[in-house]
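Chemist: One line per chain: the protein sequences are A and B, in this order. Position one of the first sequence corresponds to residue 1 (the UniProt record's numbering), numbered consecutively onward. Position one of the second sequence corresponds to residue 1 (the UniProt record's numbering), numbered consecutively onward. Shown below is the structure under consideration.
There are 2 protein chains.
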Amino acid sequence: MATVLIVDDDPAILEVLTAYLVAEGHSVETEDDGLAALPRLARADVAILDWMLPGMTGVELTAHARREHPQLPVLLLTARGEEEDRLRGLNAGADDYVVKPFSPREVVARVRALLRRVGVQDHIQAGPLTMNLRSRAATLHGQPLALSRTEFDLLATLAQHPGLVWSRERLMERVWGPDFPGVTRVVDVHITAVRRKLGDDADAPTFIETVRGLGYRFRED
Amino acid sequence: MATVLIVDDDPAILEVLTAYLVAEGHSVETEDDGLAALPRLARADVAILDWMLPGMTGVELTAHARREHPQLPVLLLTARGEEEDRLRGLNAGADDYVVKPFSPREVVARVRALLRRVGVQDHIQAGPLTMNLRSRAATLHGQPLALSRTEFDLLATLAQHPGLVWSRERLMERVWGPDFPGVTRVVDVHITAVRRKLGDDADAPTFIETVRGLGYRFRED
DNA sequence: CCCAGCTTTACACGAGCTTTACAGGTTCTG
DNA sequence: CAGAACCTGTAAAGCTCGTGTAAAGCTGGG
């Protein structure tokens with residue numbers, strides 16, 4: 001359902017957290033280098049960052065995430081337990097904080113809480129539209145809605161954050177990946193395709209609004 | 001009917017459980033080493049894992065199974081009975097839990113329950129299609145349907161989990177075994193063969209749907 | 001040695017993706 | 001206020017890649 005990015009240079013931690021989170025139904029991406037993790041933040045729904053990392057520390061990564069991906073929740077892992085560090089981490093913009101050694105179950109619980117806080121669920125319900133992120137099946141007015149992979153990801157990204165404006169660049173990072181070389185107009189074309197399948201009119205949309213000069217937004221309420 | 005994988009390093013336990021489960025009509029595979037059991041999970045309908053194992057503990061195996069084979073039910077055996085261990089096991093993704101010493105009949109009953117839960121039966125009925133997994137005989141509209149071994153296993157695998165998408169890789173692991181060296185296109189060819197025998201049209205299938213980019217799925221409802 | 005069944009190979013087709021082009025409409029600018 | 005510059009919607013064309021399927025080659029059991 002949600003995509004979790006774990007950045008830690010300890011393979012054992014990556015493995016155990018991956019196992020628990022996958023069991024929870026999430027898809028997990030791992031990285032052991034702070035610098036390499038940077039462009040991968042764009043595709044995550046939540047990030048678990050170790051404090052000490054090669055390349056770039058977790059705190060620096062957190063600050064970057066806060067700046068570039070304001071809605072991305074960050075959970076910091078650290079070996080230190082002093083109150084001062086905790087404050088530094090939260091100050092850098094971390095949303096939660098777990099001290100090593102930790103219980104995997106606690107981490108899973110906190111990830112669950114973070115995802116709930118930003119409204120990430122495995123099931124989207126918006127009026128007559130329904131999306132099951134696990135089986136990747138969508139319905140409109142109870143009828144199955146055939147969406148291609150790209151269309152599904154695009155609509156799910158927007159629908160998961162109603163009211164939030166997504167720029168074309170952000171959507172491309174998120175749906176196409178950070179390294180996609182194409183032009184941003186491809187977003188428009190797919191938006192048009194999704195709108196047509198939703199029966200949505202660009203001038204008076206029920207679902208996907210155009211925010212001129214900024215991007216697109218899924219309608220709130 | 002169903003394939004049960006038992007992993008335990010105590011030959012006596014393997015023997016008694018095998019006897020009871022074979023009497024129940026299952027085919028049983030045994031393994032005494034955790035690491036060696038790993039690739040064999042792919043072909044099982046249900047796994048019975050001992051907590052303490054050489055090579056890899058049952059809990060680690062369970063976590064792996066949960067990650068790689070989400071629909072595979074796991075029954076953990078353990079000598080310890082403390083509540084904490086029970087929780088650890090269930091948290092790692094075990095579906096049930098039996099404390100040694102146990103009654104073989106209890107294990108058989110729980111295996112039966114697990115198989116029922118994931119919809120594994122000795123008889124598949126899907127509209128005009130009927131498959132008897134014990135006698136490996138299939139009928140369509142009441143007429144006997146001649147399927148080769150591969151075709152039967154392939155169709156049975158899909159039909160046992162309606163609505164679930166199987167990737168070509170998963171199907172190969174499951175039907176051909178984890179060590180099969182061939183290319184995944186062999187799956188397509190056999191799907192085509194099964195479809196022809198079922199009178200199924202690839203563009204408007206009654207039984208086997210293609211999920212573009214992902215794999216195949218047996219139709220629900 | 002024969003043959004059923006399995007695997008590989010090759011090719012055609014089409015779904016889906018990207019690019020491009022153009023037609024509105026909006027905002028900017030002098 | 002008029003024209004330029006820009007943004008967006010959308011159709012259409014071209015391309016890529018996944019899939020369906022026939023056919024040929026292979027293999028092991030009877």
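Note that beta-carbon positions come from the ideal geometry of N, C-alpha and C, so glycine has one too.
Assign residue 212(A) to one of two classes, buried (16 or more other C-beta atoms within 10 Å of its C-beta) or exposed (fewer than that).
Modeler: Counting from 1 along the first sequence, the entry for residue 212(A) is found at position 212. Under this definition residue 212(A) is an exposed residue.
Chemist: How about residue 149(A): is its C-beta nearer than 8 Å to some C-beta of chain B?
Modeler: Indexing the first sequence from 1 puts residue 149(A) at position 149. Yes - at least one Cβ of chain B is within 8 Å of the one on residue 149(A).
Chemist: Between residue 43(B) and the rest of its own chain, which residues show a CB-CB distance below 8 Å, the 5 nearest in sequence each way excluded?
Modeler: Within the second sequence, residue 43(B) is the residue found at index 43, counting from 1. Excluding sequence neighbours, residue 43(B) sits near 3, 5, 29, 173, 174, 177 and 178.
Chemist: Is residue 168(B) close to chain A? Criterion is C-beta to C-beta, closer than 8 Å.
Modeler: Position 168 of the second sequence holds residue 168(B). Closer than 8 Å: no.
Chemist: Check whether the Cβ atoms of residue 118(B) and residue 73(B) lie closer than 8 Å to each other.
Modeler: The residue you call residue 118(B) lines up with position 118 of the second sequence. The residue you call residue 73(B) lines up with position 73 of the second sequence. Yes. Within cutoff.
Chemist: So residue 104(B) is in the beta strand (DSSP E); what residue range does that whole segment cover?
Modeler: The residue you call residue 104(B) lines up with position 104 of the second sequence. Element bounds for residue 104(B): not the beta strand (DSSP E) but the alpha helix (DSSP H), 104-117.
Chemist: Less than 8 Å between the beta carbons of residue 128(A) and residue 140(A), yes or no?
Modeler: Translated into positions along the first sequence, residue 128(A) becomes position 128. Translated into positions along the first sequence, residue 140(A) becomes position 140. Cβ distance < 8 Å, so residue 128(A) and residue 140(A) count as in contact.
Chemist: Does the Cβ-Cβ distance between residue 133(A) and residue 122(A) come in under 8 Å?
Modeler: Locating residue 133(A) in the first sequence gives position 133, counting from the first residue. Locating residue 122(A) in the first sequence gives position 122, counting from the first residue. Against a cut-off of 8 Å, the Cβ pair of residue 122(A) and residue 133(A) comes out as a contact.
Chemist: Tell me which residue opens and which closes the alpha helix (DSSP H) that residue 16(B) is part of.
Modeler: For the purposes of this step, residue 16(B) is identified with residue 16 of the second sequence, where counting begins at 1. Residue 16(B) -> alpha helix (DSSP H) spans 11-23.
Chemist: Assess, as a yes-or-no matter, whether the segment 96-103 of chain A is touched by the segment 147-166 of chain A under the definition of 3 or more beta carbon pairs within less than 8 Å.
Modeler: no
Chemist: Assuming residue 209(B) is part of the beta strand (DSSP E), what are its boundary residues?
Modeler: Sequence index remark: in the second sequence, residue 209(B) carries index 209 (1-based). Membership of residue 209(B) in the beta strand (DSSP E) is indicated by the continuous run 208-211.
Chemist: Report back the beta-carbon spacing between residue 76(B) and residue 58(B) to the nearest angstrom; my notes put them in contact at under 8 Å.
Modeler: Locating residue 76(B) in the second sequence gives position 76, where the first residue counts as 1. Locating residue 58(B) in the second sequence gives position 58, where the first residue counts as 1. For residue 76(B) against residue 58(B), the beta-carbon gap comes to about 6 Å, under 8 Å, which counts as contact.
Chemist: For chain A, is any of its Cβ atoms less than 8 Å away from the one on residue 291(B)?
Modeler: Summary: the structure shown does not reach residue 291(B), with chain B confined to residues 1 through 221, and so no result is reported for it.
Chemist: Apart from the five residues on each side of it in sequence, which residues of its chain come closer than 8 Å, Cβ to Cβ, to residue 14(B)?
Modeler: In the second sequence, counting from the first residue as 1, residue 14(B) sits at position 14. The beta carbon of residue 14(B) sits closer than 8 Å to those of 6, 8, 30 and 32, all from its chain and outside the five residues before and after it, given in chain order.
Chemist: Going by the DSSP bridge assignment, what does residue 156(B) pair with across the sheet?
Modeler: Mapped onto the second sequence, residue 156(B) falls at position 156. DSSP output for residue 156(B) lists no bridge partner at all.
Chemist: Which two residues bound the contiguous alpha helix (DSSP H) that contains residue 187(B)?
Modeler: Position 187 of the second sequence, counting from 1, holds the residue named residue 187(B). Unbroken alpha helix (DSSP H) run through residue 187(B): 185-198.
Chemist: Just verifying my parser: in three-state terms, what is the DSSP assignment at residue 26(A)?
Modeler: The residue you call residue 26(A) lines up with position 26 of the first sequence. If DSSP states are grouped into helix, strand and coil, residue 26(A) belongs with coil.
Chemist: On a Cα-Cα basis, can you pick out the residue from 148(A), 218(A) and 62(A) that is closest to residue 94(A)?
Modeler: Position 94 of the first sequence, counted from the first residue, corresponds to residue 94(A). For the residues 148(A), 218(A) and 62(A), the minimum Cα distance to residue 94(A) belongs to 62(A).
Chemist: Tell me where the beta strand (DSSP E) around residue 215(A) begins and ends.
Modeler: The residue you call residue 215(A) lines up with position 215 of the first sequence. Taken as a continuous stretch (DSSP letters only), the beta strand (DSSP E) holding residue 215(A) covers 215-218.
Chemist: Give me the chain A residues within the contact set of residue 67(B), using Cβ-Cβ distance strictly less than 8 Å, ordered along the chain.
Modeler: Taking the second sequence and counting its residues from 1, one reaches residue 67(B) at position 67. Result: 18, 19, 22 and 23.
Chemist: With a 10 Å radius around its C-beta and 16 neighbouring C-beta atoms as the bar for buried, classify residue 78(B) as buried or exposed.
Modeler: Here residue 78(B) refers to the residue found at position 78 when the second sequence is read from its first residue. Per the 10 Å Cβ criterion, buried.
Chemist: I'd like to know whether the C-beta of residue 213(B) is nearer than 8 Å to at least one C-beta of chain A.
Modeler: Residue mapping note: residue 213(B) aligns to position 213 of the second sequence, counting from 1. With 8 Å as the cut-off, residue 213(B) counts as an interface residue toward chain A.
Chemist: With residue 74(A) as the anchor, note down where its alpha helix (DSSP H) starts and where it stops.
Modeler: Translated into the one-based positions of the first sequence, residue 74(A) becomes position 74. Not the alpha helix (DSSP H): residue 74(A) falls in the beta strand (DSSP E), residues 74-78.
Chemist: Please list the partners that residue 126(B) has in chain A, where partner means a Cβ-to-Cβ separation under 7 Å.
Modeler: Here residue 126(B) is taken as the residue at index 126 of the second sequence, counted from 1. Simply none; closest approach about 19 Å.
Chemist: Identify the continuous alpha helix (DSSP H) that holds residue 120(A) and give its terminal residues.
Modeler: Here residue 120(A) refers to the residue found at position 120 when the first sequence is read from its first residue. Unbroken run through residue 120(A): none, as it is neither H nor E.
Chemist: In terms of residues, what are the limits of the beta strand (DSSP E) holding residue 7(B)?
Modeler: Counting from 1 along the second sequence, the entry for residue 7(B) is found at position 7. Looking at the DSSP string, the run of the beta strand (DSSP E) that includes residue 7(B) is 3-7.
Chemist: How would you label residue 215(B), buried or exposed, when you count the other beta carbons within 10 angstroms and need 16 or more for buried?
Modeler: Against the second sequence, residue 215(B) aligns to sequence position 215. Residue 215(B) should be labelled buried.
Chemist: Looking at residue 53(B) and residue 34(B), is the spacing between their C-beta atoms short of 8 Å?
Modeler: Position 34 of the second sequence, counting from 1, holds the residue named residue 34(B). Position 53 of the second sequence, counting from 1, holds the residue named residue 53(B). Taking 8 Å as the Cβ cut-off, residue 34(B) and residue 53(B) qualify as a contacting pair.
Chemist: Among residues of its own chain, excluding the 5 on either side of residue 168(B), which ones have a beta-carbon nearer than 7 Å to its beta-carbon?
Modeler: Mapped onto the second sequence, residue 168(B) falls at position 168. Counting only residues of its own chain and dropping the five nearest sequence neighbours on each side, residue 168(B) has a CB closer than 7 Å to the CB of 184, 187 and 215.
Chemist: Taking the alpha-carbon positions, what's the residue 109(A) to residue 47(A) distance?
Modeler: In the first sequence, the residue the question calls residue 109(A) occupies position 109. In the first sequence, the residue the question calls residue 47(A) occupies position 47. Going by the C-alpha atoms only, they are around 14 Å apart.
Chemist: Which class does residue 50(B) belong to by DSSP, given the choice of helix, strand or coil?
Modeler: Indexing the second sequence from 1 puts residue 50(B) at position 50. Correct three-state label for residue 50(B): strand.
Chemist: If I'm right that residue 195(A) touches residue 205(A) with Cβ under 8 Å, what's the distance once you round it to whole angstroms?
Modeler: As a working note, residue 195(A) is residue 195 in the first sequence. As a working note, residue 205(A) is residue 205 in the first sequence. At roughly 7 Å, the Cβ-Cβ gap stays under 8 Å, so residue 195(A) and residue 205(A) are in contact.
Chemist: How long is the line joining the alpha carbons of residue 68(B) and residue 38(B), rounded to whole angstroms?
Modeler: Taking the second sequence and counting its residues from 1, the one referred to as residue 68(B) is at position 68. Taking the second sequence and counting its residues from 1, the one referred to as residue 38(B) is at position 38. Straight-line spacing of the CA atoms in residue 68(B) and residue 38(B) works out to 10 Å.
Chemist: Could you tell me whether the Cβ of residue 146(B) comes closer than 8 Å to any Cβ of chain A?
Modeler: Your numbering for residue 146(B) matches position 146 in the second sequence. Cβ-Cβ to chain A under 8 Å: no for residue 146(B).
Chemist: For the putative contact between residue 151(A) and residue 193(A), defined by C-beta atoms under 8 Å, what is the C-beta separation to the nearest angstrom?
Modeler: Residue numbering aside, residue 151(A) sits at position 151 when the first sequence is read from its first letter. Residue numbering aside, residue 193(A) sits at position 193 when the first sequence is read from its first letter. About 6 Å; that satisfies the 8 Å criterion.
Chemist: Does the distance between the C-beta of residue 134(B) and the nearest non-hydrogen atom of the ligand ZN fall short of 7 Å?
Modeler: Absence of the ligand ZN from the depicted structure is noted, as is the absence of any ligand whatsoever, leaving it without description.
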